[in-house]
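Chains as they are written, first to last, in this note's numbering: chain U, 1 to 546; chain D, 1001 to 1546.
Everything on this sheet refers to the single structure shown next.
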């Protein structure tokens, strides 16, 4: 016999659970109808199916905790409990439920759920780049090297990679830092990108997506207790991987606000304010930058990057540059400048001292290969002793997924002019990027026709982050429900229109302002419909609550 | 100008580093000959190439730390510093160096380095299973679905998986817990394995190799401070992922010793001793089991598993069963029993209460597909609220690599009798497993002909962990070098024979005993040569130090 503690809306109730009494527990439990009336139970008996009861209760909104368990929300790691990740939060869970209901034939005011909550290009219909997939298929099933349907340049790359794999198989573990020839190709790719500034393959660490590398580096950086705990500066709005990782590591999150009135630009005065305030209660050691911005889509100017580097040098901050959208630049006059290039161009005073890690991924840009979890980081001026520690740390997880490493290699070493796959590759790549630029423009244009929605230009990346006006009456209704007003807005949008987007509160925003993040990735015509539906919803919502 | 702090063998020296003076720093540094004489430096100037100097120093064994850096070994996360992972430690770094030296034509007493340090089947020549790779190739490059060289059963599986992927592409993110149809297939696989005991796809979490799932679950479990800090029982000898993860999480490692005299069996009395002792200084909450054993190769009897489960129930311990070698059973009379099956067969008193997580991987068994980083865990009796926390936590990393999920699906759903690929699949699978059984026997046989080496039967898994006698004179020489005696032994073996194995101290062993771990994976004839070389080495070593 054990005790079952029920947390219900109006308190905590305690139930006896006797094991092994009910013969047909399922029906008995149905008889008890585990629904909201659950809270009126005085007790029940449970047979083999206690997990069934628990699930039923859980489905009916009854939180519970059985006394007997070792691992409960009360005994678990409190740092993990604090982690939040809105991009896959409650709104997405509800979206998945709605999809299931639609499949079961439940009538809804829409026929499909459009998930615009995440930058998942292929899920939204983008086709994979042929050459990338050819090389991976060749490496996976080397018999295809004898197949004349595969082009010679793809085969040449596959052979080179396979030669670098243990036993010539991508099923072997790679070196923990990543396959050496892939790191060489990545270094050359960076050199080409940065106009010849040297890149050392020993400074490249391949990873399981960029997220993995970011968390690993933060893990090295966080130390101290109380006032000497490491502070990490992150932009607001931010990509919530950062806040989640900092919660998990128990680091101090130090917010600096991007300037919405100025196209979400980064202002060094604001950085200075944030770091000065933070020194009262922690030790700021790290400055995270996302450029192009997620969720905000701004592209930093060269001048801004210089200012940031000078600031990091003055304030002795370790720079982390999240540059996963480096190919996603759409606005006229905007250009991607890597932090590393600017750092080197600022001369030895900076490039010999400022510690920098830059992150890249196979998931974004023109590739959109999220499922492969490929990525890398390049570290500059990292203490060689720390580098040994980093290598040791990554070796515990053995190696990043090798198919993702192969993919990264091909991205770093794409078809060259004159090679058989060159033209098709350029055509496919350009089509994706041009199409994204068109959709970035379309998004800004349509949103800005809606009274109460204000959208900055989507200069880069894959998202719009428009500001929305939410009437006071709606704010109050949200508060009564215990929801943030933008969550209330987004949930209503989902239920009424089948559109899944993420509330701004999941990314952080200035007090009293409301936003949402929506990816620009759906196919142009679908995006247009989506934007017009959002317009319709916003107008109705405003009327309803005015 | 900044200061460079040199830690040299006999203290700490401080150097001025003036930036931008040297014109040809490389040659000047060469003139200073950054070698052991480094410690006699009184100072030098550094130009653009400070990282070059740092590397040179590092290569010459001079540890240093520049004052200016944010991230140094002194400021970094101390928990990460404590992490150790012998399987890819100093001995493997030296092995890689030796390989490079051989390539450069340096004369050595051997012509190749044999890496028997890790269970990396493909790297040691095992061929991938055709059917697995066919399905992955089809999913990667769906044009191949029209290729009549691929069998229909492989195509059917590929189509089913692609249909479950966003946009029909393995480049889309999957659900954080893993693709639903893969989890369904895994659940059915577990049901077949366990004679029909039900498995719920909602209890399956796909992962990036088993390591990822193990660390994630430990992360949830660890809490408290001081005497209420979570204690985790692990076997000694253990697979060092456990000790590494516990260091990183700051959990208390509680050792229980396997019984070497009794084929490395687990004795519940020893568990009781360990847990009782641990309660003095921490709160033991978790019991980790590795079955079949790594590095020890024992296979637990059904009786033993029952005893362990009863013990866990009595002592309120969360059970973690690392069962990644479940197909690797070689010894007569041994059989794999999953913890879950035994738990259910023990009746509701246990199967409704004991919390269990079981781990599996695509890297071991007959597949050996380490590079794909596929794996899963099944959780039993996990508190539903904690499950939500687990799902949230894994969602921060978005999803496990999809190619690894595809691979896992095919393993869970292999060709059935009557399907076109069935015969070849069974033939390939059986050949791998029979060959491993033969090599397990061979290893035990040859080792036990060597005076001073005593090897338990390799009942399962992929390693032998023989005990070696190291003469006192060698122990003293090792101590003088600051090495553990078995590290000294293994390093000498590597330098003289080109054989890379891992010292027992990396896994833990009873005080005063010495062992090493060697994988049985090399091809039979190569393994025979390897074992005889080891025999020769051990005899010479014993003579030399007697």
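For every residue, glycine included, the Cβ atom is placed at its ideal position computed from N, Cα and C.
The structure presented is a predicted model; accordingly, all values stated were derived computationally and were not measured.
So residue 1370 of chain D and residue 375 of chain U are in contact, right, with Cβ under 8 Å, and what is the actual spacing, rounded? Counted from its first residue, the second chain places residue 1370 of chain D at position 370. Counted from its first residue, the first chain places residue 375 of chain U at position 375. So it is not a contact: roughly 19 Å between Cβ atoms.
Considering only C-alpha positions, which residue in the set U/373, U/215, U/396 is nearest to residue 1399 of chain D? Translated into the one-based positions of the second chain, residue 1399 of chain D becomes position 399. Looking at the Cα atoms, U/373 is the closest of the given residues.
Beta strand (DSSP E) runs wholly inside the region 361 to 402 of chain U, at least 3 long, in chain order: 374 to 380
If I'm right that residue 320 of chain U touches residue 217 of chain U with Cβ under 8 Å, what's the distance once you round it to whole angstroms? As a position in the first chain, residue 320 of chain U is number 320, starting the count at 1. As a position in the first chain, residue 217 of chain U is number 217, starting the count at 1. With a Cβ gap of about 7 Å, residue 320 of chain U and residue 217 of chain U count as contacting.
What number of angstroms, rounded off, separates the C-alpha of residue 1364 of chain D from the C-alpha of residue 1500 of chain D? Within the second chain, numbered from 1, the residue matching residue 1364 of chain D stands at position 364. Within the second chain, numbered from 1, the residue matching residue 1500 of chain D stands at position 500. Cα to Cα, residue 1364 of chain D sits roughly 20 Å from residue 1500 of chain D.
Which full runs of the alpha helix (DSSP H) of 4+ residues lie inside the region 1430 to 1504 of chain D, going along the chain? 1472 to 1480, 1485 to 1497
Spell out whether any CB of chain U is found under 7 Å from the CB atom of residue 1316 of chain D. Sequence index remark: in the second chain, residue 1316 of chain D carries index 316 (1-based). It does; some Cβ of chain U falls within 7 Å.
Please state whether DSSP places residue 1062 of chain D in a helix, a strand or coil. As a first step, residue 1062 of chain D must be located in the second chain, where it is residue number 62. For residue 1062 of chain D, the predicted structure reports a pLDDT of 47, less than 50, and the residue's modelled location is therefore unreliable. A value from the coordinates is still provided. Correct three-state label for residue 1062 of chain D: coil.
Please list the residues of the region 350 to 367 of chain U that have a C-beta atom closer than 7 Å to any C-beta atom in chain D, keeping them in chain order. 352, 353, 355
Return the CA-CA distance between residue 1540 of chain D and residue 1088 of chain D, expressed in angstroms with no decimal places. In the second chain, the residue the question calls residue 1540 of chain D occupies position 540. In the second chain, the residue the question calls residue 1088 of chain D occupies position 88. Approximately 27 Å, taken between the alpha carbons.
Simplified DSSP assignment, three categories, for residue 421 of chain U: As a working mapping, residue 421 of chain U is identified with position 421 in the first chain. Residue 421 of chain U falls in the coil class under three-state DSSP.
Would residue 1177 of chain D pass as an interface residue toward chain U - the criterion being a Cβ-Cβ separation below 7 Å? Against the second chain, residue 1177 of chain D aligns to sequence position 177. So, not an interface residue.
Looking only at its own chain, which residues have a Cβ that is under 6 Å from the Cβ of residue 294 of chain U, when we skip the five neighbours before and after it? Residue numbering aside, residue 294 of chain U sits at position 294 when the first chain is read from its first letter. Counting only Cβ-Cβ distances below 6 Å, and skipping sequence neighbours, we find 239, 461.
Closer than 7 Å at the beta carbon, the chain D residues around residue 136 of chain U: For the purposes of this step, residue 136 of chain U is taken as residue 136 along the first chain, with counting starting at 1. Residues of chain D passing the Cβ test: 1140.
By the 8 Å beta-carbon criterion, what residues does the region 66 to 77 of chain U contribute toward chain D? 66, 68, 69, 70, 71, 72, 73, 75, 76, 77
Is the beta carbon of residue 406 of chain U sitting closer than 7 Å to the one on residue 161 of chain U? The residue you call residue 406 of chain U lines up with position 406 of the first chain. The residue you call residue 161 of chain U lines up with position 161 of the first chain. For residue 406 of chain U and residue 161 of chain U, yes; Cβs fall inside 7 Å.
Would you kindly check if the distance between the Cβ of residue 291 of chain U and the Cβ of residue 1220 of chain D is under 7 Å? As a working mapping, residue 1220 of chain D is identified with position 220 in the second chain. As a working mapping, residue 291 of chain U is identified with position 291 in the first chain. For residue 1220 of chain D and residue 291 of chain U, no; Cβs fall outside 7 Å.
Please name the residue, chosen from D/1308, D/1230, D/1254, that lies closest to residue 1550 of chain D on a Cα-to-Cα basis. One cannot answer for residue 1550 of chain D here, as it falls past the ends of chain D, which runs 1001 to 1546.
Coil, strand or helix - residue 413 of chain U by DSSP: Counted from its first residue, the first chain places residue 413 of chain U at position 413. Residue 413 of chain U falls in the coil class under three-state DSSP.
Which residue spans inside the region 305 to 350 of chain U form an unbroken beta strand (DSSP E) run of at least 3? 318 to 322
Chain-ordered chain U contacts of residue 1185 of chain D [CB-CB under 9 Å]: What you label residue 1185 of chain D is simply residue 185 of the second chain in a count that begins at 1. Here the premise fails: no neighbours, minimum Cβ distance about 18 Å.
Thinking C-beta only, is residue 164 of chain U closer than 7 Å to residue 181 of chain U? As a position in the first chain, residue 181 of chain U is number 181, starting the count at 1. As a position in the first chain, residue 164 of chain U is number 164, starting the count at 1. Yes, the pair counts as a contact, with Cβ atoms nearer than the cut-off.
So residue 1285 of chain D is in the beta strand (DSSP E); what residue range does that whole segment cover? As a position in the second chain, residue 1285 of chain D is number 285, starting the count at 1. Start and end: 1283 to 1290.
Using a cut-off of 8 Å between C-beta atoms, extract the partners of residue 1208 of chain D located in chain U. Indexing the second chain from 1 puts residue 1208 of chain D at position 208. Ordered by position in chain U, the residues that pass the 8 Å Cβ test against residue 1208 of chain D are 208, 373, 397, 401.
Here's the rule I'm using: 16 or more other beta-carbon atoms within 10 Å means buried, otherwise exposed. How should residue 1548 of chain D be labelled? Given a span of 1001 to 1546 for chain D in the structure shown, any question on residue 1548 of chain D remains unanswerable.
Is there a C-beta anywhere in chain U that falls below 7 Å from the one on residue 1080 of chain D? Taking the second chain and counting its residues from 1, the one referred to as residue 1080 of chain D is at position 80. Yes, because at least one Cβ of chain U sits closer than 7 Å to the Cβ of residue 1080 of chain D.
How close, in whole Å, do the beta carbons of residue 1178 of chain D and residue 1197 of chain D come, if the pair is a contact with beta carbons under 8 Å? Position 178 of the second chain, counted from the first residue, corresponds to residue 1178 of chain D. Position 197 of the second chain, counted from the first residue, corresponds to residue 1197 of chain D. The pair is not a contact, with the Cβ atoms about 21 Å apart (cut-off 8 Å).
Pick from U/101, U/415, U/488, U/532 that is closest to residue 448 of chain U, judged by C-alpha positions: Looking up residue 448 of chain U in the first chain gives position 448. Here the closest residue by C-alpha is U/532.
Residue 1077 of chain D - DSSP class collapsed to helix/strand/coil: Here residue 1077 of chain D corresponds to residue number 77 of the second chain, with the count starting at 1. If DSSP states are grouped into helix, strand and coil, residue 1077 of chain D belongs with coil.
7 Å Cβ shell around residue 1327 of chain D - same chain, five flanking residues per side excluded: Indexing the second chain from 1 puts residue 1327 of chain D at position 327. Answer for residue 1327 of chain D: 1365, 1366, 1433, listed in chain order.
Go ahead and label residue 1543 of chain D buried or exposed: buried means 16 or more other beta carbons lie within 10 angstroms of its beta carbon, across all protein chains shown. Here residue 1543 of chain D is taken as the residue at index 543 of the second chain, counted from 1. Exposed, by the Cβ-count rule.
Between residue 1255 of chain D and residue 1246 of chain D, what straight-line distance do the alpha-carbon atoms span, to the nearest angstrom? Taking the second chain and counting its residues from 1, the one referred to as residue 1255 of chain D is at position 255. Taking the second chain and counting its residues from 1, the one referred to as residue 1246 of chain D is at position 246. Approximately 12 Å between the Cα atoms of the pair.
Would the region 1520 to 1538 of chain D and the region 1121 to 1134 of chain D be scored as touching if the rule is three or more Cβ pairs under 8 Å? yes
Helix, strand or coil at residue 547 of chain U [DSSP, three-state]: Nothing in the structure corresponds to residue 547 of chain U, since chain U is present only between 1 and 546.
Distance check for residue 379 of chain U and residue 200 of chain U, CA to CA, integer angstroms please. On the first chain, position 200 is the one that residue 200 of chain U refers to. On the first chain, position 379 is the one that residue 379 of chain U refers to. If you take the alpha carbons of residue 200 of chain U and residue 379 of chain U, they lie about 9 Å apart.
Select from U/430, U/168, U/445, U/361 the residue whose C-alpha is nearest the C-alpha of residue 213 of chain U. Here the question's residue 213 of chain U lines up with position 213 in the first chain. That would be U/361, whose Cα lies nearest to the Cα of residue 213 of chain U.
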